[in-house]
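Encoded as structure tokens, the structure appears first; notes follow it.
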Amino acid sequence: MIKGIITPTITVFDQDQKIDFKATEEHIEKLIEAGVNGILFLGSIGEFFAMTSAEKKKLISFAVKTVNKRVPVLVGTGGTAAEDVIELTNFAGAEGADGAAVITPYFFQFNQQTLYNYYSHIAQNTDLDLYIYNFPARSGVNISPETVFELARDYDNIVGIKDTMDTISHTRELIQQVKKPLEKDFAVYSGFDEYFLPNLLNGGDGLIGGLSNVAPGLFADFYSSYQKGDFNKIKELANKINLMMDIYSISDPFFPAIKKAVSLSGSNLNAACKEPVGLLTDEQINNIKKILEKVK
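Mapped onto my numbering, the consecutive letters of the sequence shown carry residue numbers -1 to 294.
Shown next as structure tokens:
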């Protein structure tokens, strides 16, 4: 089981919106050197929804080779067509990925039985470890703790969940109703950075949060301080994380602001996003700079 901070990494593109593999490698190295406990490629911040299958496969192969088992590699393989999800998940497994994060199917708000059927079909057709990705604000549907428990109970390769809910209560319910009753390891991660500490205190396993792209060392220090029981340091770092949360509200969608914050934090990478997302305004960039100044 992966515990601690898993970075859902940005995907770096050049001016022609092609994957910039050199800059992506530099960012991977920065994350690993800072001490993150794992990396998730092709998550929401990684712009999976805007990339072709061919692009995804090139990035998966490159990522697994570049990370070279120094930390676990998870890959976002979700989509609306289950067969495409299965095909990409099996590709990621064959390339050497450690697990796949599969978002709940979006567009139609499926009921719980249909969600169970969807994940069951995927689990039956892959040997790779699967992590349910629950993000109701984007997918339009929340998978219930009861459904998660049934899936984790029935399938050995459903091993965790990323719970991107803007409340700790739902995550706590997952910990109480899924993680604790199961007779196997099951990881529960929060998807919002500010819930890192509540997740751990409630018995969860950590965070898959976008701000660790911006300040990976801060999040690694946070988890290390938690393990040592250094709550004075935890308080200091938690205050910085809370200040950084304002970055999410600077742009809609939020990932251009995250990507720009990374480029302003010493990496100098190109902050371009895939179409149709445009560049940030000067005002937005200045607001990001002000936030970063506060957390130095």
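Beta carbons: idealized from backbone N, C-alpha and C, even for Gly.
Item, Value
"Taking 7 Å as the limit between beta carbons, can you name the residues of its chain near Ile248, skipping five residues before and five after?", "Ala255, Gln282, Asn285, Ile286"
"Does the beta-carbon of Thr5 have 16 or more other beta-carbons within 10 angstroms, so that it is buried, or is it exposed?", "buried"
"Leaving aside the five residues before and after Leu78 along the sequence, list all residues of the same chain whose C-beta is less than 7 Å from its C-beta, in chain order.", "The sequence as given places Thr at residue 78; Leu does not occur at that position. The residues are Pro103, Tyr104, Phe105."
"If I follow the unbroken beta strand (DSSP E) through Val100, where does it start and stop?", "97 to 101"
"Enumerated in chain order, which unbroken segments of the alpha helix (DSSP H) with a length of 4 residues or greater are wholly contained in the region 85 to 159?", "110 to 122, 134 to 137, 143 to 152"
"Going by C-alpha to C-alpha distance, which of Ile8, Gly2, Lys1, Ile3 sits closest to Ala259?", "Ile8"
"For the beta strand (DSSP E) that Pro6 lies in, which residues bound it at each end?", "2 to 6"
"Specify, as a first and last residue, the run of the beta strand (DSSP E) that Ile37 falls within.", "36 to 39"
"Fully enclosed by the region 157 to 191, which beta strand (DSSP E) runs are 3 residues long or longer?", "185 to 188"
"How big is the Cα-Cα spacing for Asp152 and Phe60?", "33 Å"
"Do you know offhand how far Lys67's Cα is from Asn240's?", "32 Å"
"For Val146, which residues in the same chain have their Cβ closer than 7 Å to its Cβ, ignoring the five residues on either side in sequence?", "Ile130, Ile159, Leu172, Val176"
"Thinking Lys231 and Leu216 are a contact (beta carbons under 8 Å), I'd like their distance in whole angstroms, please.", "No, Lys231 and Leu216 are not in contact; Cβ-Cβ is about 11 Å, not under 8 Å."
"Looking at the structure shown, is Val71 part of a helix, part of a strand, or coil, going by DSSP?", "strand"
"Determine, using beta carbons only, whether Thr169 and Asn140 come nearer to each other than 8 Å.", "no"
"Taking Ser188 as the reference, give the member of Ser167, Phe47, Ile58, Glu148 with the closest Cα.", "Ser167"
"What separation, rounded to the nearest whole angstrom, lies between the Cα atoms of Leu267 and Lys178?", "42 Å"
"At what residues does the beta strand (DSSP E) containing Ile283 begin and finish?", "First-last for Ile283: 280 to 292, but that is the alpha helix (DSSP H), not the beta strand (DSSP E)."
"Name the residue from Ile30, Lys54, Thr75 whose alpha carbon lies nearest to the alpha carbon of Thr64.", "Ile30"
"Compare the C-alpha of His119 against each of Met243, Asp280, Ala80 and name the closest.", "Ala80"
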